[in-house]
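In our numbering, the protein residues as written are 16 to 427.
All C-beta atoms in this analysis are idealised placements derived from N, C-alpha and C, irrespective of residue type, glycine included.
Below: the structure, in structure tokens.
Have a look at this one:
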């Protein structure tokens, strides 16, 4: 190791005291080391009193020096300590090292100890090796079928088995299974699951002509064959620049793991289950409702009640007035498709017969009146339309009849 030379020393002729300045004698020297003084002479270190004081022998021979250079050579101290330590190590562990063999590899040590396999380690009378055969024949002593609670890290294997045995779902009726997550195949309605047409919640509400909110809920997605849950209400804002006077359709879909809502002009496909529909060409999007734009390219106000979407607008003027003072005395078709979407055949109508008796009919009823309006009467009613969202009217006696659309069914 290098000689220690940090700092300076103060020495006095014929004195064995050495005083250090900026020195650390304790950590860097040993009794028996060599001390070369400022005079170039060599002395033996006989005592180390502190980091800044040591004694030498013989007494310092050179001239007195208050800040001389020096050196400490690790002569006797380190060499003797190293030899003593090596001798002690050999005395204590020499036999052990000999047992480990003379090949300095793991394989060599294992070979020397006869540990290439467990055959080199004898079994005791009680503790045997846990071979596969022995493990399979072990008795579960202490298993408690009545144990309950969650398995914790401090449980023994038997205690954990006991808790798992108690918590397993038994055959027959169970009341402790509260939720199933991660199923790769949906539970069918026959198994207690939901039908392909399942939809709950997801009620639209109008905030302004450019904003709507869809409430929380869930719906079966045709494409995935699973229910998608919208955990909280979603508000869409900035709705504008829509094509005027057409229906837009709201869809629920999975946006890379995030349940989301979109508004699209793409009409839903034909129902795949009951009245349930998906977006045309995209079964990953479940139809929620239809909303109509106005002449300004924004959405008409609306309110949902009992499965009906009511227009929040003056429905006694265009475009809601679909017939103004009609006088036909034979059945005539009135199209409602501009105000009633193709997803429903329920229209909320307001009919007014100013003079004469008027009748409303469904195209399927072959000119058979389903509702009559006496002269001077005005009624609002839910009325079934044809598949093309049309109805028929006729004046049974001379007069005129007016018909307005006030809302439509929210079939989905």
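Status (buried if at least 16 other CB within 10 Å, exposed otherwise) for residue i
i	result
residue 400	buried
residue 3	Here the chain has residues from 16 to 427 only, and residue 3 is not among them.
residue 48	buried
residue 202	exposed
residue 139	exposed
residue 273	exposed
residue 393	exposed
residue 358	buried
residue 16	exposed
residue 119	exposed
residue 153	exposed
residue 114	exposed
residue 76	exposed
residue 306	buried
residue 111	exposed
residue 257	buried
residue 148	exposed
Presumed contact (8 Å Cβ cut-off) between residue i and residue j, rounded CB distance
i	j	result
residue 31	residue 74	5 Å
residue 24	residue 83	6 Å
residue 415	residue 369	5 Å
residue 291	residue 212	4 Å
residue 229	residue 281	So it is not a contact: roughly 18 Å between Cβ atoms.
residue 395	residue 364	7 Å
residue 227	residue 314	7 Å
residue 22	residue 38	4 Å
residue 34	residue 68	6 Å
residue 3	residue 319	Nothing about residue 3 can be read from this structure; the chain reaches only from 16 to 427.
Sequence-distant residues of the same chain with beta carbon closer than 7 Å to residue i, five excluded per side
i	result
residue 61	46, 70, 71 and 72
residue 231	216, 245, 246, 247 and 248
residue 298	237 and 238
residue 164	178
residue 18	86, 87 and 88
residue 295	281, 282, 283 and 284
First and last residue of the uninterrupted alpha helix (DSSP H) at residue i
i	result
residue 182	172-182
residue 41	40-43
residue 149	147-151
residue 259	Premise fails: residue 259 is in no alpha helix (DSSP H) and is neither H nor E.
residue 123	121-127
Same chain, Cβ closer than 8 Å to residue i, neighbours up to 5 away in sequence not counted
i	result
residue 81	25
residue 372	387, 388, 389, 390, 410, 411, 412 and 414
Boundaries of the beta strand (DSSP E) in which residue i is found, first to last residue
i	result
residue 64	57-65
residue 140	Premise fails: residue 140 is in no beta strand (DSSP E) and is neither H nor E.
residue 26	23-26
residue 273	273-279
residue 431	What is shown of the chain runs 16 to 427, which leaves residue 431 out entirely.
residue 215	214-216
residue 221	219-223
residue 305	297-307
residue 118	Looking at the DSSP string, residue 118 is not in any beta strand (DSSP E), and its letter there is neither H nor E.
residue 250	249-251
residue 418	415-424
residue 361	361-370
Other residues of its chain near residue i: CB distance less than 6 Å, five sequence neighbours each side excluded
i	result
residue 511	An answer regarding residue 511 cannot be provided, because it is not within the stretch 16 to 427 covered by the chain.
residue 181	162 and 163
residue 57	49 and 51
heavy atom of the ligand HEM below 8 Å from residue i C-beta
i	result
residue 46	What this structure holds is no ligand at all, so the ligand HEM is not there to describe.
Cβ of residue i within 9 Å of any chain E Cβ
i	result
residue 109	Checking the listed chains, one finds no chain E in this structure; it contains a single protein chain.
With a threshold of 8 Å, are at least 3 pairs of Cβ atoms found where one atom belongs to the segment 317-327 and the other to the segment 279-293? When C-beta atoms of the segment 317-327 are compared with those of the segment 279-293, fewer than three pairs fall below 8 Å, so the two segments do not count as touching.
Count the CB pairs spanning the segment 417-427 and the segment 346-355 that are closer than 8 Å, and state whether there are at least three. Taking 8 Å as the limit for Cβ pairs, the verdict is that the segment 346-355 does touch the segment 417-427.
Under 8 Å: do the segment 404-416 and the segment 334-344 share three or more Cβ pairs, one atom per stretch? Because the criterion of three Cβ pairs below 8 Å is met, the segment 404-416 and the segment 334-344 touch.
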